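Line by line, the protein sequences are chains A and B.
Residues in the first sequence are numbered from 833 upward in steps of one, following my numbering.
Residues in the second sequence are numbered from 833 upward in steps of one, following my numbering.
Cβ atoms here follow ideal geometry from the backbone N, Cα and C, with glycine treated the same way.
Here the structure is a predicted model, which means the values were calculated and not measured.
2 protein chains.
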Amino acid sequence: MADEPQGAKLDTEAPRCDCRVVHKDRVERAIARAPLPEELREAGELFKLFADPGRLRILAALAEGELCVCDLSAVLGSGQSAVSHQLALLRTARLVKNRREGKTVYYALDDEHVKEILRVGLEHIAERTASS
Amino acid sequence: MADEPQGAKLDTEAPRCDCRVVHKDRVERAIARAPLPEELREAGELFKLFADPGRLRILAALAEGELCVCDLSAVLGSGQSAVSHQLALLRTARLVKNRREGKTVYYALDDEHVKEILRVGLEHIAERTASS
DNA sequence: TGAACATATGAACATATATTCATATAATAC
DNA sequence: GTATTATATGAATATATGTTCATATGTTCA
Numbered sequence: 833m834a835d836e837p838q839g840a841k842l843d844t845e846a847p848r849c850d851c852r853v854v855h856k857d858r859v860e861r862a863i864a865r866a867p868l869p870e871e872l873r874e875a876g877e878l879f880k881l882f883a884d885p886g887r888l889r890i891l892a893a894l895a896e897g898e899l900c901v902c903d904l905s906a907v908l909g910s911g912q913s914a915v916s917h918q919l920a921l922l923r924t925a926r927l928v929k930n931r932r933e934g935k936t937v938y939y940a941l942d943d944e945h946v947k948e949i950l951r952v953g954l955e956h957i958a959e960r961t962a963s964s
Numbered sequence: 833m834a835d836e837p838q839g840a841k842l843d844t845e846a847p848r849c850d851c852r853v854v855h856k857d858r859v860e861r862a863i864a865r866a867p868l869p870e871e872l873r874e875a876g877e878l879f880k881l882f883a884d885p886g887r888l889r890i891l892a893a894l895a896e897g898e899l900c901v902c903d904l905s906a907v908l909g910s911g912q913s914a915v916s917h918q919l920a921l922l923r924t925a926r927l928v929k930n931r932r933e934g935k936t937v938y939y940a941l942d943d944e945h946v947k948e949i950l951r952v953g954l955e956h957i958a959e960r961t962a963s964s
């Protein structure tokens, strides 16, 4: 808990911070156990897709079953173009898949984790709201 | 699966979409079961905090134990100011808490869901990487 | 073939976000 | 008190993101 001897040549990489690293052991452990930068980057991209109410609503709706773009547009109350753009993002990330049936394109979830991520996020909100 | 009779006055709200609602039943069910707009908004805000590699790294590091700002700066390899700004966001959302000990401020996770959300997200990345 | 419909997509624009710089606050040592 | 260290924060800037508009693609029907 107390201060480390300071002269230590740790610096752990570059002189990126204007303060001295206070806890060499903790820092090294955190770096050692941290997920790879690439994993963090990709996880960030994933969470970004969940970081919009419209997309969340799309995903929640699809969790109940397949819907076409027009249905989704009605559910969201937003324009077809906006929905298509959002769906394109979700499709690129393989969170949803689509199939065409005549003029209509049906979308469905394409990833088992989607429901779980939704659940955890909404659970958090519910509990926070309850306890605050 | 086929088209509905079209004259139906559903419109489910406003003429927000240029196409006709194709599946009235599905749309109504989706709307009925959807989380409240407010919940979706807040969940979006939550996921936004996980939507940045730097913040993910902060959260992952704190999952291993308490760290001070300077430690985090070293772990991330980014400047103290940037880290403080990120911590302010996480603090506002009550995902982390802090305590002061002299000049040093220690941060720690303040929410049981953080680890779970991190886990689910990273799990998704790992499995996707494995199967793609 | 052409008209109507469902969806997709590029460009433009407005807003949000992350970082940096400069500076403020808080605590300790002298 | 002043100097030093650790952290916080406002302003500015560059980048990212979401929506809209216009238009393109693909399908069905007459």
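Interface criterion met: the Cβ of H945/B is under 8 Å from a Cβ in chain A. The segment 854-873 of chain A makes contact with the segment 901-918 of chain B: 3 or more CB pairs, one atom from each, lie closer than 8 Å. The residue among A920/B, F882/B and R852/B with its C-alpha nearest the C-alpha of I949/B is F882/B.
In this structure, the CA atom of V928/B is about 43 Å from the CA atom of V937/A. Proximity of T936/B to chain A, defined by a Cβ-Cβ separation below 8 Å, is satisfied. Where K947/A is concerned, there is no enclosing beta strand (DSSP E), although the alpha helix (DSSP H) around it starts and stops at E944 to S963. By the C-beta density criterion, E874/B is buried, having at least 16 other C-beta atoms within 10 angstroms. Chain order gives no chain A residues near V928/B, where near means a beta carbon separation below 9 Å; the closest approach is about 14 Å. The beta carbons of V946/A and L891/A sit closer together than 8 Å. A distance of 8 Å or more separates the beta carbons of E871/B and I863/A.
The beta carbon of H917/B sits no closer than 8 Å to any beta carbon of chain A. Under the DSSP assignment, A895/A falls in the alpha helix (DSSP H) whose first and last residues are P885 to A895. Exposed is the label assigned to L868/B, since fewer than 16 other Cβ atoms lie within 10 Å of its Cβ. R923/B has a beta carbon lying at 8 Å or more from every beta carbon in chain A. Boundaries of the alpha helix (DSSP H) around A875/A: P869 to L881.
Against R858/A, the close residues of chain B are G897, L899 and D903, in the order they occur along the chain (beta-carbon pairs closer than 7 Å). Residue environment for A962/B: exposed (fewer than 16 other C-beta atoms within 10 angstroms of its C-beta). Contact of A875/A with chain B is assigned, a C-beta pair being separated by under 8 Å. Annotation: S910/A to V915/B spans about 36 Å, alpha carbon to alpha carbon. For D884/A, the chain B residues whose C-beta falls within less than 7 Å of its own C-beta are G876, listed in chain order. When Cβ-Cβ separations below 8 Å define contact, A940/A makes no contact with chain B.
For a Cβ distance threshold of 7 Å, residue set A862 and A866 of chain A lies close to A893/B, ordered along the chain. If you look at V907/A, you'll find it in the alpha helix (DSSP H) that goes V901 to L908. Take the alpha-carbon of R926/A and the one of D942/A: they are about 6 Å apart.
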